[in-house]
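Undergrad: Just passing along the structure, written as structure tokens.
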Amino acid sequence: MPVTEQVLMFLHTIGHNVRFRVIAASFHRSIEISYRYFKIVLKAVLQLYRHVVRLPDNSTPPKIKNSRRFYPYFKDCVGAIDGTHVHASVPIEIQGRFRGRKGGTTQNVLAAISFDLRFTYMLAGWEGSAHDSRILNDALSRPRGLKIPEGKYYLGDASYGNRPRILSPYRSVRYHLKEFSDHPPENAKELFNLRHSSLRTTIERGFGVIKKHFRVLDAEPFWSFNTQVDVVLACGVIHNHIMGVDPNDPIMQAGTCETESSDRVQPSRREAIVESREWNNKRDEICQAMWADYIIRRHA
Numbered sequence: 033m034p035v036t037e038q039v040l041m042f043l044h045t046i047g048h049n050v051r052f053r054v055i056a057a058s059f060h061r062s063i064e065i066s067y068r069y070f071k072i073v074l075k076a077v078l079q080l081y082r083h084v085v086r087l088p089d090n091s092t093p094p095k096i097k098n099s100r101r102f103y104p105y106f107k108d109c110v111g112a113i114d115g116t117h118v119h120a121s122v123p124i125e126i127q128g129r130f131r132g133r134k135g136g137t138t139q140n141v142l143a144a145i146s147f148d149l150r151f152t153y154m155l156a157g158w159e160g161s162a163h164d165s166r167i168l169n170d171a172l173s174r175p176r177g178l179k180i181p182e183g184k185y186y187l188g189d190a191s192y193g194n195r196p197r198i199l200s201p202y203r204s205v206r207y208h209l210k211e212f213s214d215h216p217p218e219n220a221k222e223l224f225n226l227r228h229s230s231l232r233t234t235i236e237r238g239f240g241v242i243k244k245h246f247r248v249l250d251a252e253p254f255w256s257f258n259t260q261v262d263v264v265l266a267c268g269v270i271h272n273h274i275m276g277v278d279p280n281d282p283i284m285q286a287g288t289c290e291t292e293s294s295d296r297v298q299p300s301r302r303e304a305i306v307e308s309r310e311w312n313n314k315r316d317e318i319c320q321a322m323w324a325d326y327i328i329r330r331h332a
């Protein structure tokens, strides 16, 4: 079978969440052949992961450097991290662990995304009930896990805690953009949270884009769980390739944001949040500098 046909079958499967019997009929192949070449292409794509899903460099991202709202306050920020839930199909005896907040069985996928919407790290396979901070701890402890460049950091939400190289917002303070639409920030912490939230929309856009490109991520899977995990990573690889070839793809420009369920950032009741005093001080320094400049410009 020509390589181009193998790739087309694979992309059609993950792009449109098409069953192998449909692929077999569309390409005039048997179901067994369709599945076999799906696995072959999947393995080949995964071999590209370390070449395509890479850490950002040490330069200040243009999105920050070219904005008075973000520079110089977030000059050492290289992206944002968060988790997203992807439908999962698992044996009935372990479904309880995989039930996410909305009741369905999911895997909780951790991702780091740069401000040009490229994935710089992905960790799939955790059960839907797992707490975000637990998954992050796993990612940071793995030999080939999430490595954050020295002196740099990612933006995270409150569920991760304010810790070394993960800068989180102030809790119990207005945070989401919709809350500021009619009421501008009234103090330093609100201003910090507003700008933090504005930058973190990158991760929400990234998740929205990849789920639009690959419908398989937003539908009930029909293969083994190990394959489900591999498919998530493969989608990240192909997404990054598209960004390198055609960053102006209409779907890339139209990425949607996942909505938050609460109006204020609150600590989780399910797992204690450990915060770093050093990074709390760092956040306070950024916050005060940002507020001082904001007041000067507002009265200029």
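Take our numbering: the last position of the sequence shown gets the number 332, and nothing is skipped along the way.
Every residue, glycine too, gets a C-beta built ideally from N, C-alpha and C.
What you are looking at is a predicted structure, and each value in this text was computed from that prediction instead of being measured.
Count the other CB atoms within 10 Å of the CB of K221; is the residue buried (16 or more) or exposed (fewer)?
TA: Here residue 221 is taken as the residue at index 189 of the sequence shown, counted from 1. K221 comes out buried.
Undergrad: Quick one, are the C-beta atoms of F177 and N140 less than 8 Å apart?
TA: The count along the sequence shown starts at 1 and reaches residue 177 at position 145. The count along the sequence shown starts at 1 and reaches residue 140 at position 108. This sequence places Gly at residue 177; Phe is not what is there. Between G177 and N140, the gap from beta carbon to beta carbon reaches 8 Å or more.
Undergrad: Mind checking which residues open and close the alpha helix (DSSP H) that includes V269?
TA: Position 237 of the sequence shown, counted from the first residue, corresponds to residue 269. Note, V269: alpha helix (DSSP H), F257 to V277.
Undergrad: Which residues share a DSSP beta bridge with M154?
TA: Looking up residue 154 in the sequence shown gives position 122. Answer by DSSP bridge pairing, in chain order: A143.
Undergrad: In whole angstroms, what is the alpha-carbon distance linking D189 and F59?
TA: Locating residue 189 in the sequence shown gives position 157, counting from the first residue. Locating residue 59 in the sequence shown gives position 27, counting from the first residue. When rounded, the separation of the alpha-carbon atoms in D189 and F59 is 45 Å.
Undergrad: Just to confirm the assignment: which complete alpha helix (DSSP H) runs, minimum length 4, are found wholly within the segment 164 to 197?
TA: Within the segment 164 to 197, the complete alpha helix (DSSP H) runs of at least 4 residues fall at 164 to 173.
Undergrad: Going by CA-CA distance only, name the one from L168, N225, G47 and I327 that's closest to E211.
TA: Locating residue 211 in the sequence shown gives position 179, counting from the first residue. That would be N225, whose Cα lies nearest to the Cα of E211.
Undergrad: Should H119 be labelled buried (16 or more other beta-carbon atoms within 10 Å of its own) or exposed?
TA: Stepping through the sequence shown from its first residue, residue 119 is reached at position 87. That one is buried.
Undergrad: If you check the beta carbons only, do I242 and C267 fall under 8 Å apart?
TA: Numbered from its first residue, the sequence shown carries residue 242 at position 210. Numbered from its first residue, the sequence shown carries residue 267 at position 235. It is a contact, given that the beta carbons lie within the stated cut-off.
Undergrad: Which same chain residues end up closer than 6 Å to I318 when comparing Cβ atoms and leaving out the 5 residues on each side of it in sequence?
TA: Reading the sequence shown from its first residue, position 286 is the one you call residue 318. So the list reads Y105, once near-sequence residues are dropped.
Undergrad: What's the call for E159, buried or exposed, on a 16-neighbour Cβ count within 10 Å?
TA: One-based indexing of the sequence shown puts residue 159 at position 127. Answer is buried; the Cβ neighbour count reaches 16.
Undergrad: Let me confirm a value: R150 is counted as buried when at least 16 other C-beta atoms fall within 10 Å, else exposed. Which label applies?
TA: Walking along the sequence shown from the start, residue 150 turns up at place 118. R150 is buried by the Cβ-count criterion.
Undergrad: Assign D89 to one of two classes, buried (16 or more other C-beta atoms within 10 Å of its C-beta) or exposed (fewer than that).
TA: Translated into positions along the sequence shown, residue 89 becomes position 57. By the 10 Å Cβ count, D89 comes out exposed.
Undergrad: Under a Cβ-count criterion, where at least 16 other Cβ atoms within 10 Å of its own Cβ denotes burial, should V35 be classed as buried or exposed?
TA: Residue mapping note: residue 35 aligns to position 3 of the sequence shown, counting from 1. By the neighbour-count rule (16 or more Cβ atoms within 10 Å), V35 is not buried but exposed.
Undergrad: Between E307 and the rest of its own chain, which residues show a CB-CB distance below 6 Å, the 5 nearest in sequence each way excluded?
TA: Position 275 of the sequence shown, counting from 1, holds the residue named residue 307. The answer, listed in chain order, is G193 and N194.
Undergrad: In angstroms with no decimal places, state the Cα-to-Cα distance between D316 and P123.
TA: In the sequence shown, residue 316 corresponds to position 284, counting from 1. In the sequence shown, residue 123 corresponds to position 91, counting from 1. Distance between the alpha carbons of D316 and P123: 47 Å.
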